[in-house]
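Asker: From first to last, the protein sequence lines stand for chains A and B.
Each step along the first sequence adds one to the number in my numbering, with nothing skipped, and position 561 is 565.
Each step along the second sequence adds one to the number in my numbering, with nothing skipped, and position 16 is 36.
Could you have a look at this structure, given as structure tokens, before my questions?
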Amino acid sequence: MFLRPTARTLTRRAGTAAMVLALLAGGCNVSRINHLHTPANQTRAENARDLANAVFSDRDGLLAKTMANLEAEQNMRRAVALASDEFSDLADIESLGAMDWDWLREHTYDSLGASQRTTARADFGQLAFIVAHRGDYDPQHVRDAAALLHLGTRLLAEYSGRLDELDSVWMRYISSNTVALLQLSGADSRVDRDFARAAETFEAALGEITLGNVSRRIADAYEQSLVGVSGRPLLDPDVGGGDRARAFLKAWAELDRSGFDAALRRRNDALVRVLVLYDTLVKGERARAATLVAEQARIRERAKTDFHDQSPGAPCDSEGAAASTAVPTASGGASELLELLDTLRTGIRNVWEDEQMRQTYLERASQVQRELLAVATESLDPASVYSLVPLLGEGLGDEELSSFEGYLSLLQAKVAALPDENADEPEVGEARDAASRAVKARNEFRAALNTLRTTFQLGTADSNEEPDSIIRDKLEMVIRSTEALNLDLAAADLDRAKELAAELEAPIRDLVNSARSGTVSLADARSLLNLAIGTDRSGRLADALKPTDDLVKHMRSLLTDVSNQNAEASARVVEFLVGLHSLRQNVHEENARHYLVLTTIAKAEIERWLSVGAYAEELEGIYADAPTDPNSLFDAPAAPLAGAALARPCVTTSTPVIHTLRLLAEEAQTRHSASPAADAGGRAAAQSAARLTNAVRAISIQQLLSATNRRAANRNSIALLGEVREHSARLDDIGTTGVELEIRYHMDELVAFHSTGLTDQNLQNLVGAVQQGILIWIGSEQ
Amino acid sequence: MRHHMKTVALIALAALVAGCGTTATSRLRAEQTRQLLTNYMQERRASIEQLNRADRAVYASLVRDHAELTEQTLFLRRGADAAAIADTLLVDWRVQGRASVIRSMVEAARTRQLAGLERRDSIIADARLQYAKAHAALALDLSKLQTAAEQIGRLSVEPRAARATIDLLVALAEASRSASKPDEHVQAP
């Protein structure tokens, strides 16, 4: 039975069928003479075949119906997604009433899955104060030393350019514990999510990595490597508090943006590698499909020479026949090359089916991702979907990306181990064109593999991460189980071959060869008798049989029938074999279609994040254009106002959003209501309006960013859900067609068997002839 | 005696040659085919039931989600309407606070909310209608396969009557040959 419509299963079937074909190729079908023809049995076999075919025909229509149902479900999902978007949009607006700007900003990044990248303004303000005093601070006034230490180290790393240089920075202060410091910098070079805890630990252990030391180092680094926005060093005694705060605000914005941008780059890098992976898989599947088309042509061509044009008297050698109709597989190099496809697909699936990894991932996955995983797991081909699920939804979290990147690293090793060149067997005859296309497709696959290899090397150049041991172990297990499966398949084919071979005895093969040669000897007559009544029963009875002209003529007719049936049986096997290869071809073509759809979704994901990144950049621009006074959030840089115009509303990032708008609106209204004569050049009115506009813009962009992200995530998730189910339905259809093909073959064989057999006339002739022999025998006994 | 032996030999020969309408191999293949048909029926039945069940579950889940989202959205809109009325009163309570104006504002809000409800109902009703039009439960009449399996099943069973007859006639033939054995000894060179 076909358990799963995978190429491997179909290959197994093809292998078995090829054995059948090989054994029958010698012309060993003897149903014409090894049983009685019974009209009732023939009717039963034909009725059963017709009934089965009627059901199979009805089943053909189910795929179209399933696709229609799927489309209806997709439409329903889109309607629900619209309702969901509307609700979320409203909820976002509603929540503005309770938020300050820090919260709003954090909420925005949280909706992108990057909340851990943002820094609370209050923490930054405290750090700025401590840095400005070169590490001199009162611990009583520090709210969260670990958070500040974490923030300070990140900032220091930004100034230093690379986290790896941290150790040299630290060495200025702590020379006695280099190893620990190297560990510290090494830990931080991975992901800084655990840095605060690590920093606390080291601070306790070393007693030297203190907030004060970090702050002093920041001050040094800032002086040495950066200049403030105003162009003057941060700690220049002449620099006013406004410039200092402004410089820190800018640094703060850049710090968070760099974190967000890094996450975005990391994610898009993963997406690009996924795209290259899909492209490779598409080309691999196409190469396999083209190879199978060539194999079908080859089978038909060889069937002509091996079965129909066989020269008279050729030996019925099952071994030789098996060699001439060897199990159709890709030729040496191509086979090795194409086997990689299974490694890639199986690898993706098994890594993500690891229970521990799944649990870890599910804890962080969104509702949509959970649903996707559930649907993918129940589908027939979850491998490809697993590679995309982590990248949907919020998508910027560390866990899913870490897991996915770990897998990609493993894949890199596999790809790197691929052979560069493979020789393809030359093709001949009518199959040449198909073979030529197959070779071309395989060459494209090779080129894609090289691209994949290059991409992976580029993709991991920035990372020194070792693949997680869980992933590595899992992949090893996959490889081992695959090898074991191959052994099982070989054993299964061997058993089947033995079973079939046992049905065919030497006398039968001799008979068929005689029929081909057009001569019937006494030995043939004995063999026929043996076959008809059994060797153990014929005994010496056959020895007395003398071939008469009538008997020879009748036997020749029978054997000609046998030969014709052999040709028909061979044709049925060839068509069955070709049908199986056609189904395998369908599987690979469906896989190629599937990967193309996934490619489209992955591309849509990249476009989504490009939009989100652009909005985020615009949003951060508003924050980064910091005023000279930290209490003047959203104020555009401009020449300072003088006199009465200098009084501006105090707005910071911790001011509630709605309150901010009211304050700024009041100011704008006041300045616009005032006499223009009191506002030189209208600057105060313009600045107040611009400030209000900036605040509204910040809200607007934030809302647009969240809404865009949400809609794109919903759209792509629905597309992926639909594709998972469609792919599964199509594979199920191909697999079911495979089962039907197998049943059809067996039914046709049964019908062929019961349509033949010895008729009454045959029996009368045989009985007459043998009676004559017996009479001679009996007479000789007298 | 000679006539008797000839008769026995001919009967035995006819019986031996005749055999039956099936062979061990054909019966084995019929049984395998019957099993294939049976498995196919079971798998298709289970698959169709599973697909229909999954469709029903997804549909029910989507309708439930839609209803909840609609309810929550309307809740937010009611809150927004209330806040808008409150703001209006706040800005100008002397004028807007008159009973008739408040009634008008509340009525307008209620009208908006009802319109929202109707729009929501319309959208979901339309979605459900479209789903009902486009969706059809999967069905496949497998009873014919049951009949086919039964027919094939008969081809997989060795006919008992023929077997018994053959065994009897073989025994007769053997008895006949045994009866002629003393003569063979005499004739043997």
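The C-beta atom is built at its ideal place from N, Cα and C for all residues, glycine as well.
Listing by chain order, which chain A residues have their CB less than 8 Å from the CB of residue 165 of chain B?
Answerer: Translated into positions along the second sequence, residue 165 of chain B becomes position 145. Simply 55, 56 and 59.
Asker: So for residue 680 of chain A, helix, strand or coil by DSSP?
Answerer: As a working note, residue 680 of chain A is residue 676 in the first sequence. Residue 680 of chain A: helix per DSSP, three-state reduction.
Asker: What is the rounded straight-line gap between the Cα of residue 104 of chain B and the Cα of residue 688 of chain A?
Answerer: Within the second sequence, the letter at position 84 stands for residue 104 of chain B. Within the first sequence, the letter at position 684 stands for residue 688 of chain A. The straight-line gap from Cα to Cα measures roughly 31 Å.
Asker: Mind checking which residues open and close the alpha helix (DSSP H) that includes residue 757 of chain A?
Answerer: Numbered from 1 along the first sequence, position 753 holds the residue referred to as residue 757 of chain A. Element bounds for residue 757 of chain A: 687 to 758.
Asker: Can you check whether the CB of residue 294 of chain A is closer than 8 Å to the CB of residue 441 of chain A?
Answerer: Taking the first sequence and counting its residues from 1, the one referred to as residue 441 of chain A is at position 437. Taking the first sequence and counting its residues from 1, the one referred to as residue 294 of chain A is at position 290. The answer is yes: Cβ separation under 8 Å.
Asker: Note down, in chain order, each residue of its chain lying with its Cβ closer than 7 Å to the Cβ of residue 726 of chain A, except the 5 sequence neighbours on either side.
Answerer: Mapped onto the first sequence, residue 726 of chain A falls at position 722. Hits under 7 Å: 74 and 78.
Asker: What is the DSSP secondary structure of residue 587 of chain A, reduced to helix, strand or coil?
Answerer: For the purposes of this step, residue 587 of chain A is taken as residue 583 along the first sequence, with counting starting at 1. Residue state, collapsed to three classes: helix.
Asker: Given that residue 88 of chain A touches chain B, what residues does it touch there, using C-beta distances under 8 Å?
Answerer: Here residue 88 of chain A refers to the residue found at position 84 when the first sequence is read from its first residue. Result: 85 and 89.
Asker: I'd like the list of long-range same chain contacts for residue 92 of chain A, defined as Cβ closer than 7 Å, with 5 residues on each side in sequence excluded.
Answerer: In the first sequence, counting from the first residue as 1, residue 92 of chain A sits at position 88. Result list for residue 92 of chain A: 714, in chain order.
Asker: Evaluate residue 653 of chain A with the Cβ neighbour count: other Cβ atoms within 10 Å of its Cβ, from every protein chain shown; 16 or more gives buried, anything less gives exposed.
Answerer: Reading the first sequence from its first residue, position 649 is the one you call residue 653 of chain A. By the neighbour-count rule (16 or more Cβ atoms within 10 Å), residue 653 of chain A is buried.
Asker: Quick one: residues in its chain with C-beta nearer than 8 Å to the C-beta of residue 148 of chain A, no 5 flanking neighbours on either side, listed in chain order?
Answerer: Within the first sequence, the letter at position 144 stands for residue 148 of chain A. Answer for residue 148 of chain A: 127, listed in chain order.
Asker: Please classify residue 739 of chain A as buried or exposed, where buried requires at least 16 neighbouring CB atoms within 10 angstroms.
Answerer: Your numbering for residue 739 of chain A matches position 735 in the first sequence. Result: buried.
Asker: Per DSSP, residue 660 of chain A is paired with what?
Answerer: For the purposes of this step, residue 660 of chain A is identified with residue 656 of the first sequence, where counting begins at 1. Per DSSP, A:104.
Asker: Residue 743 of chain A touches chain B at which residues, Cβ-Cβ below 7 Å?
Answerer: As a working note, residue 743 of chain A is residue 739 in the first sequence. Per Cβ cutoff of 7 Å: 60.
Asker: With DSSP collapsed to three states, give me the class of residue 474 of chain A.
Answerer: What you label residue 474 of chain A is simply residue 470 of the first sequence in a count that begins at 1. Note that residue 474 of chain A scores 37 on pLDDT, short of 50, meaning its location in the model is unreliable; the coordinates nonetheless yield the value given after this. Helix.
Asker: Looking at the secondary structure, which residues open and close the alpha helix (DSSP H) in which residue 47 of chain A lies?
Answerer: Position 43 of the first sequence holds residue 47 of chain A. First-last of the alpha helix (DSSP H) with residue 47 of chain A: 43 to 64.
Asker: Hey, does residue 486 of chain A have any beta-carbon neighbour from chain B nearer than 8 Å?
Answerer: In the first sequence, the residue the question calls residue 486 of chain A occupies position 482. Only weak support is given to the placement of residue 486 of chain A: the predicted model assigns it a pLDDT of 33, under 50, and the value that follows is read from those uncertain coordinates. No, residue 486 of chain A lies away from the interface with chain B (no Cβ there is under 8 Å from its Cβ).
Asker: If we define contact as Cβ-Cβ less than 8 Å, is residue 69 of chain A a contact residue for chain C?
Answerer: Absence of chain C from the displayed structure is noted, the protein chains being A and B.
Asker: Mind the definition here: the segment 42 to 54 of chain B touches the segment 747 to 761 of chain A only if three or more C-beta pairs lie below 8 Å; say whether that holds.
Answerer: The segment 42 to 54 of chain B, when compared against the segment 747 to 761 of chain A, does touch it at the 8 Å Cβ threshold.
Asker: For the candidate residues A:637, A:733, A:681 and A:95, whose alpha-carbon lies nearest to that of residue 699 of chain A?
Answerer: Your numbering for residue 699 of chain A matches position 695 in the first sequence. The shortest Cα separation from residue 699 of chain A among A:637, A:733, A:681 and A:95 belongs to A:637.
Asker: By the DSSP assignment, the alpha helix (DSSP H) with residue 165 of chain B in it spans what residues?
Answerer: As a position in the second sequence, residue 165 of chain B is number 145, starting the count at 1. Here the alpha helix (DSSP H) through residue 165 of chain B covers 163 to 175.
Asker: Under a three-way DSSP split, which group does residue 1 of chain A fall into?
Answerer: The first residue shown for chain A is 5 and the last is 786, placing residue 1 of chain A beyond what the model contains.
Asker: If we count the other Cβ atoms within 10 Å of its Cβ and call it buried at 16 or more, is residue 62 of chain B buried or exposed?
Answerer: Here residue 62 of chain B refers to the residue found at position 42 when the second sequence is read from its first residue. It counts as exposed.
Asker: Verify the CB distance criterion: does residue 751 of chain A have a CB-CB separation below 8 Å to chain B?
Answerer: By 1-based counting over the first sequence, the position of residue 751 of chain A is 747. With 8 Å as the cut-off, residue 751 of chain A counts as an interface residue toward chain B.
Asker: Does DSSP classify residue 146 of chain A as helix, strand or coil?
Answerer: In the first sequence, residue 146 of chain A corresponds to position 142, counting from 1. Looking at residue 146 of chain A - three-state DSSP - the assignment turns out to be coil, as it is neither helix nor strand.
Asker: How close, in whole Å, do the beta carbons of residue 661 of chain A and residue 103 of chain A come, if the pair is a contact with beta carbons under 8 Å?
Answerer: Translated into the one-based positions of the first sequence, residue 661 of chain A becomes position 657. Translated into the one-based positions of the first sequence, residue 103 of chain A becomes position 99. Right, the Cβ-Cβ distance comes to about 5 Å (below 8 Å), so this counts as a contact.
Asker: Kindly identify the DSSP beta-bridge partner or partners of residue 40 of chain A.
Answerer: Stepping through the first sequence from its first residue, residue 40 of chain A is reached at position 36. Residue 40 of chain A pairs with A:762.
Asker: Residues bridged to residue 655 of chain A by DSSP?
Answerer: In the first sequence, counting from the first residue as 1, residue 655 of chain A sits at position 651. According to DSSP, residue 655 of chain A bridges with A:636.
Asker: Report yes or no: do three or more beta-carbon pairs, one from the segment 728 to 745 of chain A and one from the segment 574 to 592 of chain A, lie closer than 8 Å?
Answerer: Touching, per the Cβ criterion.
Asker: Starting from residue 44 of chain B, trace the alpha helix (DSSP H) in both directions and tell me its first and last residue.
Answerer: Indexing the second sequence from 1 puts residue 44 of chain B at position 24. Residues 44 to 111.
Asker: Distance, Cα to Cα, residue 608 of chain A vs residue 443 of chain A?
Answerer: Counting from one through the first sequence, the residue named residue 608 of chain A turns up at place 604. Counting from one through the first sequence, the residue named residue 443 of chain A turns up at place 439. Each residue's Cα considered, the two are about 32 Å apart.
Asker: Find the nearest neighbour of residue 122 of chain B within the set B:170, B:107, B:133 and B:134, judged by alpha-carbon distance.
Answerer: Residue mapping note: residue 122 of chain B aligns to position 102 of the second sequence, counting from 1. It is B:107 whose Cα lies nearest to the Cα of residue 122 of chain B.
Asker: Look at the alpha carbon of residue 621 of chain A and the alpha carbon of residue 264 of chain A, and state the distance between them as a whole number of angstroms.
Answerer: Position 617 of the first sequence holds residue 621 of chain A. Position 260 of the first sequence holds residue 264 of chain A. Roughly 10 Å separates the two Cα atoms.
Asker: Contact check, residue 43 of chain B vs residue 39 of chain A under 8 Å by CB: the rounded distance?
Answerer: As a position in the second sequence, residue 43 of chain B is number 23, starting the count at 1. As a position in the first sequence, residue 39 of chain A is number 35, starting the count at 1. Right, their Cβ atoms sit about 5 Å apart.
Asker: Cβ of residue 105 of chain B less than 8 Å from any chain A Cβ?
Answerer: Here residue 105 of chain B refers to the residue found at position 85 when the second sequence is read from its first residue. By this cut-off, residue 105 of chain B is not an interface position.
Asker: Going by DSSP in three states, residue 453 of chain A sits in which element: helix, strand or coil?
Answerer: Indexing the first sequence from 1 puts residue 453 of chain A at position 449. In this structure, residue 453 of chain A counts as helix in the three-state DSSP scheme.
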